[in-house]
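One point on numbering: in the numbering used here, the residue at position 34 of the sequence shown is 615, and numbering is uninterrupted.
Worksheet: one structure, shown below.
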Amino acid sequence: MSVSRRDLLAVRLTDRPAPIRPPWTREADMARCTGCAACAEACPAGIVRMEAGLPQIAFAGTECSFCGACAEACPAPVFDIARPAFAHLAAVTEGCLAQDGVACMACADICPEAAIRLRPRIGGPALPELSPSLCTGCGACLSVCPAEALTIHLREPAHA
C-alpha cells in the first residue's frame, strides 16, 4: 500500500485533540469570541492562552480555580456561568507509576475535590481511581504527575 505525503499530513491534523476552551464555554461559543484576549489577561493562574485568535486552556504547572475572572473580563457573550465549568475530566493512563509498582499519591493528594481515590491492592501500591461525578476538570492532577500519566478528555454527552 502506498501512502502519500498528503495522506500523512491529513491524518496528523485530524488526530489532534480539540483544544480545551476556558471554563463555562464550549467550542460553539467561540464563534462569538472577538479574540481580544481579555480573558487570557484576566486569568490569575495564567492558564488561558490565545491560540490562533481564540482562548484555550494550557494546564502547565497549575490548575483552574474557577475564580471567574476570565468570564468577568470578556466583553462578548462567550461565557455562560450557569452551566458546568468544563465539559471534560481527567483520566489515568497506562503510564501511571502505581500501575508499574511504584507508590505515588501525587494526583490524589493534590485533587481539590477528592475525585481521585487510591484503591488498595494486594502485592502492589494503591491504584488511582477517578470519580467522574466529582472531577471538575480543573487540571490540578495534570501538573503534579511525575509520569505525565493523566490526560483530559471530553465527558460523555449526558454528563457534559
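Cβ atoms here follow ideal geometry from the backbone N, Cα and C, with glycine treated the same way.
Any contact between the stretch 675-695 and the stretch 709-726? By contact I mean 3 or more CB pairs, one from each, below 8 angstroms.
Yes: at least three Cβ pairs fall under 8 angstroms.
With a CB to CB cut of under 8 angstroms and the five nearest residues on each side skipped, what residues in its chain are close to residue 646?
The residues are 625, 626 and 719.
When you measure from the CB of residue 689 to every non-hydrogen atom of the ligand ATP, does any distance come out below 6 angstroms?
The ligand ATP is absent from the structure shown, which contains no ligand whatsoever.
Please tell me whether residue 619 and residue 630 are closer than 7 angstroms, where the distance is taken between their beta carbons.
No, Cβ-Cβ distance for residue 619 and residue 630 is not below 7 angstroms.
With DSSP run on the structure shown, which of helix, strand or coil describes residue 611?
In the structure shown, residue 611 sits in a helix (DSSP, three-state: H, G or I).
Output needed for residue 616: all residues of its chain with C-beta closer than 6 angstroms, excluding positions within five of it in sequence on either side, in chain order.
Same-chain partners within the cutoff: 634.
Within a Cβ cutoff of 7 angstroms, which residues of the same chain sit near residue 655, ignoring the five residues on either side of it in sequence?
If we look at residue 655 and ignore the five residues flanking it on each side, its Cβ neighbours are 619 and 620.
Just list the residues that DSSP pairs residue 637 with in beta bridges.
Answer is 630.
Out of curiosity, what's the CA-to-CA distance linking residue 582 and residue 608?
Reliability of the predicted coordinates at residue 582 is poor, the pLDDT of 48 falling under 50, and the value obtained from them is presented with this limitation in mind. Between residue 582 and residue 608, the C-alpha separation is close to 37 angstroms.
Tell me, to the nearest whole angstrom, how far the beta carbon of residue 657 is from that of residue 613; I am working on the premise that it is less than 8 angstroms.
Between residue 613 and residue 657 the Cβ distance is about 5 angstroms, and since that is below 8 angstroms, they are a contact.
For residue 691, which three-state DSSP category applies?
Reduced to three states, the DSSP call for residue 691 is helix.
Taking the C-alpha atoms as reference points, what is the distance between residue 606 and residue 652?
Going by the C-alpha atoms only, they are around 9 angstroms apart.
Taking only the alpha-carbon atoms, compute the straight-line gap between residue 642 and residue 726 and give it to the nearest angstrom.
Straight-line Cα distance between these residues: approximately 10 angstroms.
Once the 5 residues before and after residue 576 are set aside, which same chain residues still bring their CB inside 6 angstroms of it?
Outside the displayed span of the chain (582 to 741) sits residue 576, for which this structure offers no information.
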